[in-house]
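**Student:**
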Amino acid sequence: MSASVLVVVDVQNVMFETPGEFPFEGERVLETIAALIASAREAGVPVHYVQHTTREEGSCCEAGTRNWEIHSSIAPKPGDTVSRKYSYDAFWDTGLEETLRGLGAGRLVFCGLQTEFCVDTTVRSALAHGFESVLVGDAHTTFDTEVLRGEQIVAHHNMTLGGRFCEIVMAGDVEF
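Residues in the sequence shown are numbered from 1 upward in steps of one, following UniProt numbering.
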């Protein structure tokens, strides 16, 4: 098995502190991600955080604002790496591939938010960049929309991405 890196996508305050909006099973997913991070660190596996960043002043993820900060329950520690992204694809114009290769990565284990946007796009892009990928099926989430509930979006993406773009593995079965 190639060297692994745990990639935590957009687990930022804005996802959990916007009044009237909360992701599907958000608290459980946060706890699951925290457990994955602890397992990765215990196994000596690098943890890389992706942080959505908007350039417009006053926007939802403006750098340096509370909304933009990574959620305190899973905050980076010394030795972890962080990259800012300005689009749905964490690889686009960020140097992420170079960072991950520098960590020795061949296998990426993904978790985070939002399933149908940045998680989906980044998992697909990882394949195009030559990485073996795992999406932790119970460690990504999103919000209800006018068309589908968050639960349906997560299930749909596990089915759609799994076996084509990545392997779907539940948190209890992830091996680092």
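Virtual Cβ for every residue (Gly too), placed ideally from N, Cα, C. These numbers were taken from a predicted model, which means no experiment stands behind them.
Which whole-angstrom value is the C-beta distance of V123 and L135, which I expect to be below 8 Å?
**Tutor:** That pair is a contact at about 6 Å.
**Student:** Give me the residue from D138, L161 and D173 with the minimum Cα distance to E25.
**Tutor:** With distances taken between Cα atoms, E25 lies closest to D138.
**Student:** At the 8 Å Cβ level, is G130 part of the contact set with chain B, yes or no?
**Tutor:** Going by chain labels, chain B is absent from the structure shown, which holds only one protein chain.
**Student:** When you compare the CB positions of S39 and F131, do they come within less than 8 Å of one another, or not?
**Tutor:** Not a contact, by the Cβ cut-off of 8 Å.
**Student:** Reducing DSSP to helix, strand and coil, say where Q152 ends up.
**Tutor:** Reduced to three states, the DSSP call for Q152 is helix.
**Student:** Taking 8 Å as the threshold (C-beta atoms), are T53 and K85 in contact?
**Tutor:** A contact, by the Cβ cut-off of 8 Å.
**Student:** Between the alpha carbons of M15 and D80, how many angstroms are there, rounded?
**Tutor:** Answer to the nearest angstrom: the Cα atoms are 21 Å apart.
**Student:** When DSSP labels each residue in this structure, what does G26 get in the three-state scheme?
**Tutor:** Residue state, collapsed to three classes: helix.
**Student:** Pair every Cβ in the segment 30 to 46 with every Cβ in the segment 150 to 157, then say whether three or more of these pairs are closer than 8 Å.
**Tutor:** The segment 30 to 46 vs the segment 150 to 157: no contact.
**Student:** Using 10 angstroms around the beta-carbon of V109, count the other beta-carbons present and answer buried if the total reaches 16, otherwise exposed.
**Tutor:** Result: buried.
**Student:** In chain order, which continuous runs of the alpha helix (DSSP H) of length 4 or greater are located wholly inside the UniProt domain "Isochorismatase-like" (4 to 146)?
**Tutor:** Entirely contained in the UniProt domain "Isochorismatase-like" (4 to 146), the alpha helix (DSSP H) runs reaching 4 residues are, in chain order, 14 to 17, 26 to 42, 96 to 102 and 120 to 128.
**Student:** Helix, strand or coil: how does DSSP classify G162 here?
**Tutor:** It is a strand residue.
**Student:** Looking at the unbroken beta strand (DSSP E) that takes in E175, where does it start and where does it end?
**Tutor:** Where E175 is concerned, there is no enclosing beta strand (DSSP E), given that its DSSP letter is neither H nor E.
**Student:** Excluding five sequence neighbours on each side, which residues of the same chain lie with their C-beta closer than 7 Å to the C-beta of E116?
**Tutor:** Result list for E116: T142, I153 and H157, in chain order.
**Student:** Do C60 and A90 have their C-beta atoms within less than 8 Å of each other?
**Tutor:** No, they are not a contact pair.
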